[in-house]
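A.B. asks:
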Amino acid sequence: MRGFTLIELMITLAVLALLMFVGLPLTNAWVNGAQQQTAASLLREGIGRAKAQALRNPRNVQDISQPAALLCRSGQVLKIPDGDACTDTASWTAQLPAEPAVKLGSDSSDLVCVAFNSRGLPIASGDCEKSDIKITVSSQDDILVPLL
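The sequence shown finishes on residue 562 if you use the working numbering, and the numbering steps up by one all the way, no holes.
#1: Give, in chain order, every unbroken run of the beta strand (DSSP E) that is at least 3 residues long and sits entirely within the segment 431 to 492.
#2: Give the DSSP-derived three-state secondary structure of threonine 426 in the structure shown.
#3: Round the Cβ separation of leucine 484 and alanine 453 to the nearest angstrom and send it over; I've been treating them as touching at under 8 Å.
#4: So, alanine 468 versus serine 532, is the Cβ gap smaller than 8 Å?
#5: Starting from serine 505 and walking both ways along the beta strand (DSSP E), at which residues does that stretch end?
#6: Sort out for me which residues DSSP pairs cysteine 500 with in a bridge.
#7: Could you give the distance in angstroms between the alpha-carbon of phenylalanine 435 and the alpha-carbon of leucine 420?
#8: Since I believe aspartate 546 is in contact with valine 559 (beta carbons under 8 Å), could you give me their beta-carbon distance rounded to a whole number of angstroms?
#9: Out of Asp541, Ser553, Cys542, Trp506, state which residue places its alpha-carbon closest to the alpha-carbon of leucine 456.
#10: Could you check whether proline 481 and aspartate 498 sit closer than 8 Å to each other, using their CB atoms as the reference points?
#11: Which residues mark the beginning and the end of the beta strand (DSSP E) in which valine 528 is found?
#12: So, helix, strand or coil for leucine 420, using DSSP?
#13: For arginine 487, which option in Met424, Gly462, Arg458, Val528 has the closest C-alpha, if you only look at C-alpha atoms?
Written out as structure tokens, the structure is:
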């Protein structure tokens, strides 16, 4: 006798359905976590580059209450502009993943920009905040990206 019986086939299909039922949410959580980690890494890189630019102080900003460098966000794009406005030509850009919501610290507002003075310290300037950045993705725990 060759082949499978109807019972064997039904048991196999039931086991496969159970594995898919359990496996799909785990896969979704894994993808969300990977996107969240990618966004956090890009933010850390952008913060490091903006601090380095602020310390180099290419615009020769003397007042420590004024920004020497900015890290700006427009949609899902991070950039470090060459000038003192987020609309200036960028010396560095990075594309954030589509899913993560990038929030400021405990605030619920979206990240617009972060300003650094000539000492490489975050300062409040215009729309720019100086609180730590929180990366939020659906049911994942938040990742806090410090500015210091």
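All residues carry an ideal CB built from backbone N, CA and C; glycine is no exception.
Since the model is a prediction, treat every value here as computed from it, not as a measurement.
C.D. replies: Walking through what the data contain:
#1: Secondary structure within the segment 431 to 492: the beta strand (DSSP E) runs of 3 or more consecutive residues, fully enclosed, are 483 to 488 (chain order).
#2: Numbered from 1 along the sequence shown, position 12 holds the residue referred to as residue 426. Helix.
#3: Sequence index remark: in the sequence shown, residue 484 carries index 70 (1-based). Sequence index remark: in the sequence shown, residue 453 carries index 39 (1-based). At roughly 19 Å, the Cβ-Cβ gap does not stay under 8 Å, so leucine 484 and alanine 453 are not in contact.
#4: Sequence index remark: in the sequence shown, residue 468 carries index 54 (1-based). Sequence index remark: in the sequence shown, residue 532 carries index 118 (1-based). Contact: yes.
#5: Taking the sequence shown and counting its residues from 1, the one referred to as residue 505 is at position 91. Residues 504 to 509.
#6: Within the sequence shown, residue 500 is the residue found at index 86, counting from 1. Looking at the DSSP output, cysteine 500 sits in no beta bridge, so it has no partner there.
#7: Mapped onto the sequence shown, residue 435 falls at position 21. Mapped onto the sequence shown, residue 420 falls at position 6. Going by the C-alpha atoms only, they are around 22 Å apart.
#8: For the purposes of this step, residue 559 is taken as the residue at position 145 of the sequence shown. For the purposes of this step, residue 546 is taken as the residue at position 132 of the sequence shown. Contact holds; Cβ gap of about 6 Å.
#9: Position 42 of the sequence shown, counted from the start, is the residue given in the question as residue 456. It is Trp506.
#10: Counting from one through the sequence shown, the residue named residue 498 turns up at place 84. Counting from one through the sequence shown, the residue named residue 481 turns up at place 67. In this structure, the beta-carbon distance from aspartate 498 to proline 481 falls below 8 Å.
#11: In the sequence shown, counting from the first residue as 1, residue 528 sits at position 114. Annotation: the continuous beta strand (DSSP E) that includes valine 528 extends over 527 to 530.
#12: Position 6 of the sequence shown, counting from 1, holds the residue named residue 420. Helix, per DSSP.
#13: For the purposes of this step, residue 487 is taken as the residue at position 73 of the sequence shown. For the residues Met424, Gly462, Arg458, Val528, the minimum Cα distance to arginine 487 belongs to Val528.
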